[in-house]
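The opening residue of the sequence shown carries number 29 in the numbering used here; numbering runs sequentially from there. Virtual Cβ for every residue (Gly too), placed ideally from N, Cα, C. Below is one structure, written out as structure tokens; comments come after it.
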Amino acid sequence: MAERTRLLICDDHAVVRQGLTAFLALQDDIEIAGEAADGEQAVAQALALRPDVVLMDLVMPRVDGVEAIRRIRAALPATRVIVLTSFLDDDKVFPAIRAGADGYLMKDVSPQDLAKAIRMARAGEPLLHPDVTRRLMDEASREGAPAPAGRLTERETEVLRLIAKGRSNKEIARDLTLAEKTVKAHVSNILQKLGLADRTQAALYAVRERIADP
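In structure tokens form, the structure reads like this:
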């Protein structure tokens, strides 16, 4: 059986934490490592438990979710953080992504899609709410473009276009008739060549360079 994903759940509402725990604990490949009721506790728990993935609310007492994300990512770069919130305001979305969030979902997400997002985050494939993706694309299209992507091969450019469309490695492999490990290698090469940190930045880059439509 595949290695289980250790999950830390951070939300200031006990009923939300209990509901998430009740469903996610039933998943064979997810282990609930711990819970946190505020941002300060979230950081402390993350440092103590070193989870694979953190589910992070944004509006919490003492330390807010954005600052908690920033501290966790600075101390634990390998830990993935998924925002799970009720807010789609720009003053929540953009700071959370800049702080290092790997995914951004609304609390009306289906339990099955939430479990899928946790698995994708663990695999380094962030999942964003469609409205968040649209806002990020709009923002990116207004910003100045970085250096051109002339160093990418034709195949890497094809992969980049599909990343910008939100495709997972498995989906890209299927669309291009490639092995999934080959797609992972292409993604790694793309990020390295363009000096980007993750797939979200790659998607924004593709829009800025007009490699993909916003």
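Stretch-stretch touch, CB-based, cutoff 8 angstroms, three pairs: the region 110 to 121 with the region 81 to 100: yes
Ranges of the alpha helix (DSSP H) found wholly within the region 113 to 157, counting only runs of at least 4: 118 to 127 and 139 to 150
Residue of T185, R90 and L35 minimising C-alpha distance to L219: Walking along the sequence shown from the start, residue 219 turns up at place 191. Selected option, being the one with the closest Cα: T185.
Proximal residues to P89 (C-beta, below 7 angstroms), its chain only, five neighbours per side dropped: Here residue 89 corresponds to residue number 61 of the sequence shown, with the count starting at 1. Cβ neighbours of P89 beyond the five flanking positions: D40 and D66.
Contiguous alpha helix (DSSP H) assignments of at least 4 residues, all confined to the region 61 to 86: 67 to 77
Nearest residue (CA-CA) to I60, options Q46, V121 and Q69: Within the sequence shown, the letter at position 32 stands for residue 60. Answer by Cα proximity: Q46.
Secondary structure of V109, DSSP reduced to three states: Numbered from its first residue, the sequence shown carries residue 109 at position 81. Correct three-state label for V109: strand.
Separation of P139 from F51, as counted between CA atoms: Taking the first residue of the sequence shown as 1, we reach residue 51 at position 23. Taking the first residue of the sequence shown as 1, we reach residue 139 at position 111. So the alpha carbons of these two residues sit roughly 7 angstroms apart.
Backbone secondary structure at I100 - three-state DSSP: Translated into the one-based positions of the sequence shown, residue 100 becomes position 72. Reduced to three states, the DSSP call for I100 is helix.
Test: G152 CB closer than 7 angstroms to a CB of chain D: The displayed structure is made up of one protein chain only, and chain D is not part of it.
Paired residues, beta bridge with E59 - DSSP: The residue you call residue 59 lines up with position 31 of the sequence shown. R34, per the DSSP bridge assignment.
Outcome for P105 when other beta-carbon atoms lying within 10 angstroms are tallied against a minimum of 16: By 1-based counting over the sequence shown, the position of residue 105 is 77. With fewer than 16 other Cβ atoms within 10 Å, it is exposed.
Assigned exposure category for V43 - 16 Cβ within 10 Å defines buried: Within the sequence shown, residue 43 is the residue found at index 15, counting from 1. Classification for V43: exposed.
Rounded Cβ spacing between K221 and R183 (contact assumed at less than 8 angstroms): Start at 1 with the first residue of the sequence shown, and residue 221 comes out as number 193. Start at 1 with the first residue of the sequence shown, and residue 183 comes out as number 155. 13 angstroms between Cβ atoms; not a contact.
DSSP-derived helix/strand/coil call for I191: As a first step, residue 191 is located in the sequence shown; it is residue number 163 there, counting from the start. Helix.
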